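Scroll down for the structure; my scribbles are underneath it.
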Amino acid sequence: MNTAARPPRPLISAVVPFLNEAATLPVLFAELEQQLGALGLPWELVLVDDGSSDGSLEVVRDQLQQRRELKATVLSLSRNFGKEAALTAGLQASRGDVVVPLDADLQDPPELIGAMLEQWRQGFDVVYAVRRRRAGESSTKRFTAFGFYRLMGQLSSTAIPADTGDFRLMDRCVVEALLQLPERSRFMKGLFAWVGFRQSAIHYDRDARKGGKSNWNYWKLWNFALDGITSFSRVPLQVLSGSGVAIAFLALLYGIWMVLRTLVFGIDLPGYASLMTAVLFLGGVQLIGLGVLGEYLGRVFEEVKARPLYLVRERWEQ
764 MNTAARPPRP LISAVVPFLN EAATLPVLFA ELEQQLGALG LPWELVLVDD GSSDGSLEVV
824 RDQLQQRREL KATVLSLSRN FGKEAALTAG LQASRGDVVV PLDADLQDPP ELIGAMLEQW
884 RQGFDVVYAV RRRRAGESST KRFTAFGFYR LMGQLSSTAI PADTGDFRLM DRCVVEALLQ
944 LPERSRFMKG LFAWVGFRQS AIHYDRDARK GGKSNWNYWK LWNFALDGIT SFSRVPLQVL
1004 SGSGVAIAFL ALLYGIWMVL RTLVFGIDLP GYASLMTAVL FLGGVQLIGL GVLGEYLGRV
1064 FEEVKARPLY LVRERWEQ
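If you're matching positions, the sequence shown starts at 764 in this note's numbering and goes up one per residue.
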């Protein structure tokens, strides 16, 4: 791999979108200061407030006032646009030669950044972190996350690494490629894989949150999963088409069988019960099909409106 273009002292951008993380932000500042400072390289912090209502932005101001020497950019979005939009805002505001998105709850350990840098220096453009263990999460969430990543692996035409979140180190060229993608339904885990480049993995055990509580719930996770599937797979539509062909073929066979029973064996056709069963079954299949089509069309509708991905209420740098 050609590593000649790698700067010897790259600027590191740590990009942290957050929502109601007032309890963990002081720990985040201290941890990043310790871990990134130990690398002996220039670094900046890009913070994106995704519509917090717990005073998180005031905590950020206070922490930055205590660290006047820290190079930082802070974006406060006009409302909650979602983590994917907030992360995109952070990537657009970053200026580093390498960019590292990570969560404010410190479940993704900053001490791995040094090991990621080593692989980057070897010529890899993306070094993503794979979770071996997920501490502090319920068995239900671990099971559903495990199943989702495997399902996406089967459905998507793009190879999306399993058990991998947003935590990764990316070369500037990768970030610029990501920022060229215009879609509003941004399933970032898929986009990270779609852009390609030379990628490598590093494995780690994910810790529990350092404080506060998660802003995710199962409804949000369900919608997140739908975004992933509809953004990176046409398999649900293909399943609908295949189901339609199969049902039509079975209906044809059943019709032929009923005609033969009547003409050859003289057996009367079954009446109301079989008819209602067939109608209800086909009605259910049609409603499922309309729901799947609606998910895809709804996302097309969002795209064609071409609204901004996010709006910034306030921005400042130091």
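The beta-carbon is built from N, C-alpha and C at its ideal position, and this holds for glycine as well. Quantities reported herein were computed from a predicted structural model and do not represent experimental measurements.
Figure out for me which residue from Glu874, Leu810, Val889 has the closest Cα to the Cα of Lys846.
-> Leu810
Nearest neighbour of Ile876, chosen from Phe909, Pro773, Trp1079, Ala849 [CA to CA] = Pro773
Please classify Gly1118: does DSSP put it in a helix, a strand, or coil?
-> Absent from the model: residue 1118. The displayed extent of the chain is 764 to 1081, so no value can be given.
Using a Cβ-Cβ cut-off of 8 Å, state whether Asp934 counts as contacting chain C.
-> Reference to chain C is not applicable here, since this structure consists of a single protein chain.
Do the CB positions of Val863 and Ile775 come within less than 8 Å of each other?
-> yes
Segment limits, beta strand (DSSP E) that includes Leu808 = 806-812
Within 10 angstroms of the Cβ of Tyr1073, are there 16 or more other Cβ atoms? Answer buried if so, exposed if not.
-> buried
Straight-line CA distance for Ser963 to Val937?
-> 13 Å
Rounded C-alpha distance that separates Thr836 from Val890 | 24 Å
Looking at the structure shown, is Ile775 part of a helix, part of a strand, or coil, going by DSSP?
-> strand
Asn765 versus Glu807: straight-line alpha-carbon distance, rounded | Annotation note: pLDDT 48 at Asn765 (below 50); position unreliable, coordinate value reported separately. One C-alpha to the other measures close to 26 Å.
When DSSP labels each residue in this structure, what does Gly1046 get in the three-state scheme?
-> helix
Grouping DSSP H, G and I as helix and E and B as strand, with all else coil, what is Glu1080?
-> strand
Span separating the alpha-carbon of Asp817 from that of Val823 | 12 Å
CB of Leu932 within 8 Å of CB of Val958, strictly = no
Selection from Leu854, Asp813, Gln829, Val861 that minimises the alpha carbon distance to Ser839 = Asp813
Measure the alpha-carbon distance for Glu939 versus Leu854 and round it to whole angstroms.
-> 9 Å
Helix, strand or coil at Pro872 according to DSSP, with G and I counted as helix = coil
Identify every residue that forms a DSSP beta bridge with Met933.
-> Val862, Val889
Using alpha carbons as the reference points, say which of Ala852, Ala786, Ala801 lies closest to Gln826.
-> Ala786
Status (buried if at least 16 other CB within 10 Å, exposed otherwise) for Thr903 | exposed
Please report the Cβ distance between Gln882 and Asp970, rounded to the nearest whole angstrom; I am assuming they are in contact, meaning their Cβ atoms lie under 8 Å.
-> Going by Cβ atoms, the distance from Gln882 to Asp970 rounds to 21 Å, so no, they are not a contact pair.
State the Cα-Cα distance for the pair Gly800 and Phe781, rounded to the nearest angstrom.
-> 22 Å
Could you give the residue range of the alpha helix (DSSP H) that holds Gln798?
-> 788-800
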